[in-house]
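Below is one structure, written out as structure tokens; comments come after it.
Protein chains: 2
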Amino acid sequence: MSGPGRPRSETARRAVLRAALEIVEESGYSALTMEGIARRASVSKQTVYRWWPSKAAIVLEALQDGAAKLAPAPDAGDLAVDLRAFLRRSVLGARGRTARLLVALMAEAQLDRAFARSFRNGFLAQRRAVMVEFLDRARARGEIGADVDLELVAELFFGALWYRLLAASGPLDRAFADEMTDALLRLLAPG
Amino acid sequence: MSGPGRPRSETARRAVLRAALEIVEESGYSALTMEGIARRASVSKQTVYRWWPSKAAIVLEALQDGAAKLAPAPDAGDLAVDLRAFLRRSVLGARGRTARLLVALMAEAQLDRAFARSFRNGFLAQRRAVMVEFLDRARARGEIGADVDLELVAELFFGALWYRLLAASGPLDRAFADEMTDALLRLLAPG
DNA sequence: CAAATACAGGACGTCACGTCTCGTATTTAT
DNA sequence: ATAAATACGAGACGTGACGTCCTGTATTTG
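The listed protein sequences derive, respectively, from chains A and B.
The opening residue of the first sequence carries number 829 in my numbering; numbering runs sequentially from there.
The opening residue of the second sequence carries number 829 in my numbering; numbering runs sequentially from there.
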């Protein structure tokens, strides 16, 4: 299938992702440059530009490479249980190093139209979809009112989560996740 | 009061703010540079750096200069009426040119720690405070349950608003504002 | 062996950064 | 009046990242 020519170096790819993460950790995302990544990874700038259009694309790939795969929706068959588990996992998973990467990517998405597309459609929308999916299952079981807008509920949660990330308005802890859970359950309740 | 020396030129100040807004409108925030602002405003770079630490600070001042003053909280004496009015005004006021400025500032706040402080404390926190303030009045009238966390409710709204701004997950229209109003009223209802 | 593709290394012109110097203008205090 | 203080426009300066290009080498397919 793959035509002639030297194949892409997986070593170089990993070196680039690793270098990017290290630079962000040591000096912050604003200190991250394509040139610095290439230098640290001992890789040609040509190679970096050949495979990634921007440093944001590198960081996004590094983030997804680290997370292995998108965390699946919980499915215990009970809305309250599933929602609480999902929100806790989402909130607690958006702290520390991950938080630093996430806010940098969101920032970059506001400044780079091309990256914005891939970030919004290939990352943000997928996380909302996972949530809407298990809410939909709960609705099929009659646990959710038929008139509730599930997309809006998902936006309420991710909005609050991102707001805490971006505005630093409060901690991303279990208490926050549980408060959100209780609030959303009130909105979802039928009748 | 003001000591000796030539006073600050209000003409230069206005020229800088105007130039910044024009550049953002014509070429987008990512094309905005301190150098370009100075050039367009026919002002020395020295002058720009003397009064503003970053282009984000310039844009923030231009935004607040344009809005004249912080919109006050509504006070019709009825929670549903006030909340609906406030959310509509907030949502509809975050579109068009203002939206472009807001997302750029939020992005910059993620990349510039000094600007982040002034933006979060001097802008974001104040908008939440206006909302919490009139919610508090409604609570004093018994329209809101004593156990409801008003700060969290404010975060839910502004979170969703900012999420739509940053993630472009849906339109910022009256329908969105009214859906949010209904949702928040359910959360605020006593009992 | 030839064509195709990837690689590391590095040169290149462009641009914005932030600081600095210059000569000039405008104000207050003596 | 004059001195001190501060602001102004203009622009030079070194630094560093940008994104592209070139060179020589390596690795794969047909």
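The beta carbon of each residue, even a glycine, is placed where N, CA and C say it ideally should be.
Taking the Cα of residue 958 of chain B as reference, the smallest distance to any Cα among B:874, B:981, B:879 and B:974 is reached at B:981.
Apart from the 5 residues on each side of it in sequence, residue 942 of chain B sits with its Cβ closer than 8 Å to the Cβ of 881 and 882 in its chain, given in chain order.
The alpha-carbon of residue 1001 of chain A is positioned some 44 Å away from that of residue 866 of chain B. With distances taken between CA atoms, residue 914 of chain B lies nearest to B:963 out of B:963, B:873 and B:987.
Burial of residue 938 of chain A is indicated by the presence of at least 16 other C-beta atoms within 10 angstroms of its C-beta.
Inter-segment contact for the segment 1001 to 1013 of chain B and the segment 909 to 927 of chain B is present: three or more beta-carbon pairs are separated by less than 8 Å. When only Cα atoms are considered, residue 934 of chain B and residue 868 of chain B end up about 24 Å apart.
Per DSSP, residue 861 of chain B is not a residue of any alpha helix (DSSP H), being assigned neither H nor E.
A Cβ of chain B is located within less than 8 Å of the beta carbon of residue 986 of chain A.
DSSP, reduced to helix, strand and coil, places residue 882 of chain A outside both helices and strands of the structure shown, so it counts as coil. The C-beta distance from residue 922 of chain A to residue 989 of chain A rounds to 6 Å, short enough to meet the 8 Å contact threshold.
Only those residues of the segment 853 to 876 of chain A whose C-beta falls short of 9 Å from the nearest C-beta of chain B are listed: 856, 857 and 858.
In this structure, residue 994 of chain B lies near residue 931 of chain B, with their beta-carbon atoms less than 8 Å apart. Within the segment 969 to 986 of chain B, the residues whose Cβ lies closer than 7 Å to some Cβ of chain A are 977, 980, 983, 984 and 986, listed in chain order. Out of B:874, B:996, B:856 and B:1012, the CA that lies nearest to the CA of residue 977 of chain B is found in B:1012. Residues 868 of the same chain have their beta carbon placed closer than 8 Å to that of residue 850 of chain A, with the five preceding and five following residues left out of the count.
Residue 983 of chain A carries a helical assignment under DSSP once its states are collapsed to helix, strand and coil.
It is roughly 15 Å from the alpha-carbon of residue 955 of chain B to the alpha-carbon of residue 927 of chain B. Under the three-state reduction of DSSP, residue 903 of chain B is assigned to coil, being neither helix nor strand. In this structure residue 966 of chain A does not touch residue 893 of chain A by the C-beta definition: roughly 32 Å separates them, more than the 8 Å allowed. No Cβ of chain B is located within less than 8 Å of the beta carbon of residue 959 of chain A.
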